[in-house]
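In my numbering, the protein residues as written are 717 to 1225.
Only one structure is covered here, and it is reproduced in the block below.
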C-alpha cells in the first residue's frame, strides 16, 4: 500500500503545485466568458461552479478510469506511474488548456480550435475524426451499461432501446433541463463508489504489488500460471499498449470534445483550474483506486475473497481442463466491478456504486452526441435555437448509431472491435489537441514545453501502437518500435522547422 498511498498524495500535490503553475502560464483574466457574452439559454448558460465540476467529471469519466485501470493493472504497479505522471503532466494540462482555449474562442469546439491553429485541412480532418470518435464513443456507452443492467434485470436489447431514447431526448433539450439537473446526483454516486472503495482498501490493508516489486515474484496465485500474465504480455507489449489501455485517468483525447461544453457555462475564467484540471485529477484518483484493487484481485489472490465460492470452483474447473481461460481472460472488467462492489460494500453500498458505474457511461454517451451535434452545427453554421432544427442534425447521427448497434448485436466480437478502435482513436485525438495548444502557446509567447513534451510522447505511443498491436498491423516489436521512432523524428523535425520559421517571421517583421 506504500506505492498506492504515495501515488494518491502525488495527485493531490500535483493539482496544488503543477496545476497552479499551468494556470499561471495561461493567465486567466476578467474578460466576459461565452456563457455571459453569448448567453442563449440552451448551450451557452451560466451554471454554478460545483455543478459544472460534477458535470465535467461525469462527462470525461465514463467507464474509462474504471475499466481501463482494471485492464491496465495487468501490467502491475507501473500502472501507478502512468496514472500519476500522465494525469498531472499530460491529461490535466490537456483538459485545462483545451477548455480555456475554448473559452477564449467564444466556446469553440475542437475542430474550430484545430482549424484556427493547425489550418483548414487539419480542421476538415478533425471534424470527420471527432464526429466518428463521438459516434463510436456513443455506441460503446450504450452497450456497456446495457450489459451491466442486463445482468440485474431485463434484456440487453430492451436496455439499449431505453438508453437510446434517453440519448435522443438529452441531445435535443437545453443543457440545464437534464444535464444540469440529474448529473450531480450521478456524480455523487460515482464519487461515493471511489471513496467507499478507497476506505475499504485502507481498512483491509491488503498486500498489493509495490513499484519496486518484481512481477514474477509478485504473482502469488497458486499455481502462478492461473494469472495468464506471460500470454497477455506476449500479445500486448507494455509500450505502447499500457498507454492506450489506461487513457481516462491519465490522458484522453475524448475529453477535448467535452470540455467546450462546460467552457460555455463558466461564469469567469478563474473557474477553469478547479473544473478542468481538478476534474481530471479526480478521474486519476478513481483510476488509481481501481488499479490498486485490481492488482490485489489478480496478483495477490483477492479474487478468492470477493468471488462467490461456486464461481471460484467453476473457474478452477474450466482452467484445469487444459483449454480453459486464465484469470485475466475469465474475469473481465465489468465482472470485477460487480464482484468487488458486492463483496466490499454490501447490498446497499453496491447498489449506489453500480448506479455510478452505470450512470457514468450513459452520461458520457449523451454528451458525446450533444458534442457531435454542436460540432456539426458550428461547422455548417446551422441555427440551433429550436428543437426542430436540432432534430434535423440528430437524424443522421442516430441513424449511424442504430447501424453500429445492429452490427454489434449480429457480430459476437463487435463490442471488442469497436472498443479497440475507439481506444486508439481516443489517444490519437489527444495528439491533435496537444499540437493545437502547443501552437497557441508558441504564438502567444508562453511556455510551450508543457504541451510539447506530452505531444511528442503521445505521437510515439499512438504511431507505435498502430504498428505493433495485434488489432492493427501486428508487426514485429523491433520493426514496430523502429517505425514509431521514425514517426517521432518526423514530428520533431516538423515542429522545429515550423518553430524556426515562426520565430524568424516574428523577428523580421
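Glycine residues also receive a C-beta, built at the ideal position from the N, C-alpha and C atoms.
Alpha helix (DSSP H) segment containing residue i, residue limits
i	result
residue 861	836-866
residue 960	954-961
residue 1192	It is not in any alpha helix (DSSP H) - residue 1192 carries neither H nor E in the DSSP assignment.
residue 993	That residue, residue 993, is in no alpha helix (DSSP H); it is neither H nor E in DSSP.
residue 964	First-last for residue 964: undefined, no H or E at that position.
residue 1178	1165-1184
residue 1043	1043-1046
residue 1070	1049-1096
residue 808	808-820
residue 1113	1103-1126
residue 950	945-951
7 Å CB neighbourhood of residue i in its chain, flanking five on each side removed
i	result
residue 1017	936 and 937
residue 844	none
residue 1150	810, 1167, 1170, 1171 and 1174
residue 1121	855, 858 and 876
residue 911	none
Beta-carbon separation (whole angstroms), residue i vs residue j, contact threshold 8 Å
i	j	result
residue 990	residue 769	6 Å
residue 1152	residue 830	5 Å
residue 1090	residue 825	6 Å
residue 819	residue 1021	Not really, about 47 Å apart at Cβ, beyond 8 Å.
residue 921	residue 717	6 Å
residue 879	residue 1078	6 Å
residue 994	residue 731	6 Å
residue 802	residue 967	5 Å
residue 1158	residue 1218	6 Å
Other residues of its chain near residue i: CB distance less than 8 Å, five sequence neighbours each side excluded
i	result
residue 875	861, 862, 865 and 866
residue 1147	969, 1171, 1174, 1175 and 1178
residue 1004	720, 723, 724, 727, 785, 796, 799, 800 and 965
residue 1058	1022 and 1066
residue 848	1141
Spatial neighbours of residue i in its chain, beta-carbon cut-off 6 Å, leaving aside the 5 residues before and after
i	result
residue 1044	790, 944 and 948
residue 927	719 and 793
residue 816	742 and 988
residue 1214	none
residue 1187	1136
residue 1182	1188
residue 971	776 and 811
residue 692	With the chain running from 717 to 1225 in the structure shown, residue 692 is simply not present.
residue 906	1072 and 1076
Check: residue i C-beta below 7 Å from any heavy atom of the ligand ATP
i	result
residue 1123	With respect to the ligand ATP, the structure shown offers nothing to examine, as it has no ligands at all.
**Prompt:** Taking only runs of the alpha helix (DSSP H) that begin and end inside the stretch 912-943, which ones reach a length of at least 4 residues, in chain order?
**Reply:** If you keep only unbroken alpha helix (DSSP H) runs of at least 4 residues inside the stretch 912-943, you get 931-934.
**Asked** What are the complete beta strand (DSSP E) segments, minimum 3 residues, inside the stretch 966-1036?
**Response** Counting whole runs of 3 or more residues, the stretch 966-1036 contains no beta strand (DSSP E) stretch at all.
**Item:** Length-filtered (3 minimum) beta strand (DSSP E) runs lying within the stretch 720-805
**Value:** Here no run is fully enclosed.
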